[in-house]
Amino acid sequence: MIIAVDFDGTIVENRYPEIGEFRPGAVEALRKLKRDGYQLILWTCRTGLELARAVAVCAEAGIRFDAINANLRSEVVKYGSDSRKINADIYVDDRGLSKLPDWSNIYTEIREKLPLYPDVVINEGYL
3 MIIAVDFDGT IVENRYPEIG EFRPGAVEAL RKLKRDGYQL ILWTCRTGLE LARAVAVCAE
63 AGIRFDAINA NLRSEVVKYG SDSRKINADI YVDDRGLSKL PDWSNIYTEI REKLPLYPDV
123 VINEGYL
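Per our numbering, residue 3 is the first one in the sequence shown, and the count goes up by one each step.
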C-alpha cells in the first residue's frame, strides 16, 4: 500500500521556505507506517536545495521514503509509464477538503481503512 505525504503543513508546521517544527506525532506515525510495511512517497512542491533540506531533516528523524516526488518504480513498470500524477492509495495533505487530523488519528485511520493485506482471510480456530 502506497501513501503519499505532503511536507509543509503536514509533516512539519508550514514555515516555507524555511522548515518548521515537526507536527506532533508525525515522526512516530511515519516511522510506524514504514515499519508496518507501507510504502511512503514524499509528495511536495519543494524542489532543488529546499527539497534536499526537507529530505535530510526527515532522514535525520528516521523517516525514510521509498520515493521523492516520483512514482514508485513498481508502479511505473506496472502501468508502462511514469505519470506526472503520483499514484498512491492514500494522500495525506493539509490542503484537503477537511482539516488535517492529528498524526495519531492519521495513523489509526490508515491502519483501519487501508489494511496491508486486505485479501487475507483469517479463519477462526486456525490462528
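Here a beta-carbon is modelled for each residue, glycine too, at the ideal position from N, C-alpha and C.
On a predicted model such as this, the values are computed, not experimentally measured, just so you know.
First and last residue of the uninterrupted beta strand (DSSP E) at residue i
| i | result |
| --- | --- |
| Ile-108 | Not the beta strand (DSSP E): Ile-108 falls in the alpha helix (DSSP H), residues 105-115. |
| Val-94 | 92-94 |
Continuous alpha helix (DSSP H) stretch holding residue i: start and end
| i | result |
| --- | --- |
| Leu-102 | Looking at the DSSP string, Leu-102 is not in any alpha helix (DSSP H), and its letter there is neither H nor E. |
| Ser-76 | 75-81 |
| Ala-63 | First-last for Ala-63: undefined, no H or E at that position. |
Counterpart residues of residue i in DSSP-defined beta bridges
| i | result |
| --- | --- |
| Leu-44 | Val-7, Ile-70 |
| Val-14 | Asp-10, Phe-24 |
Selection from the options that minimises the alpha carbon distance to residue i
| i | options | result |
| --- | --- | --- |
| Val-30 | Ile-92, Lys-87, Ser-83, Val-14 | Residue identity differs from the one stated: residue 30 is Glu in this sequence, not Val. For the residues Ile-92, Lys-87, Ser-83, Val-14, the minimum Cα distance to Glu-30 belongs to Val-14. |
| Leu-74 | Val-59, Arg-66, Ala-90, Glu-52 | Ala-90 |
| Gln-41 | Ser-85, Pro-103, Ile-4 | Ile-4 |
| Asn-71 | Pro-26, Ile-43, Tyr-93 | Ile-43 |
| Gly-50 | Val-79, Pro-19, Arg-25, Leu-116 | Pro-19 |
| Glu-23 | Ser-76, Cys-47, Ala-63 | Ala-63 |
Supposed close pair residue i, residue j - CB separation, criterion 8 Å
| i | j | result |
| --- | --- | --- |
| Trp-105 | Ala-56 | Actually they are not in contact, since the Cβ atoms of Trp-105 and Ala-56 sit about 17 Å apart, beyond 8 Å. |
| Asp-95 | Asp-38 | In fact, because the Cβ distance is near 20 Å, the residues do not count as touching under 8 Å. |
| Ile-92 | Ile-112 | 6 Å |
| Leu-102 | Thr-12 | 6 Å |
Nonlocal neighbours in the same chain, by C-beta distance under 8 Å from residue i, ignoring five residues either side
| i | result |
| --- | --- |
| Lys-34 | Tyr-109 |
| Glu-126 | Legend: pLDDT at Glu-126 = 47, less than 50; position of this residue unreliable, value from coordinates given subsequently. Result list for Glu-126: empty, nothing under 8 Å. |
| Pro-26 | Asp-104, Trp-105 |
Contacts around residue i, its chain only, beta-carbon distance under 7 Å, and the 5 residues preceding and following it disregarded
| i | result |
| --- | --- |
| Lys-21 | This sequence places Ile at residue 21; Lys is not what is there. Result list for Ile-21: Val-14, Arg-55, Ala-56, Val-59, in chain order. |
| Ser-85 | Asn-73 |
| Glu-52 | Pro-19 |
| Val-78 | Asp-84 |
| Asp-68 | Gln-41, Leu-42, Ile-43, Leu-74 |
Proximity test, residue i beta-carbon vs the ligand ZN heavy atom, cut-off 6 Å
| i | result |
| --- | --- |
| Ala-6 | Although the ligand ZN was asked about, the structure shown includes no ligands whatsoever. |
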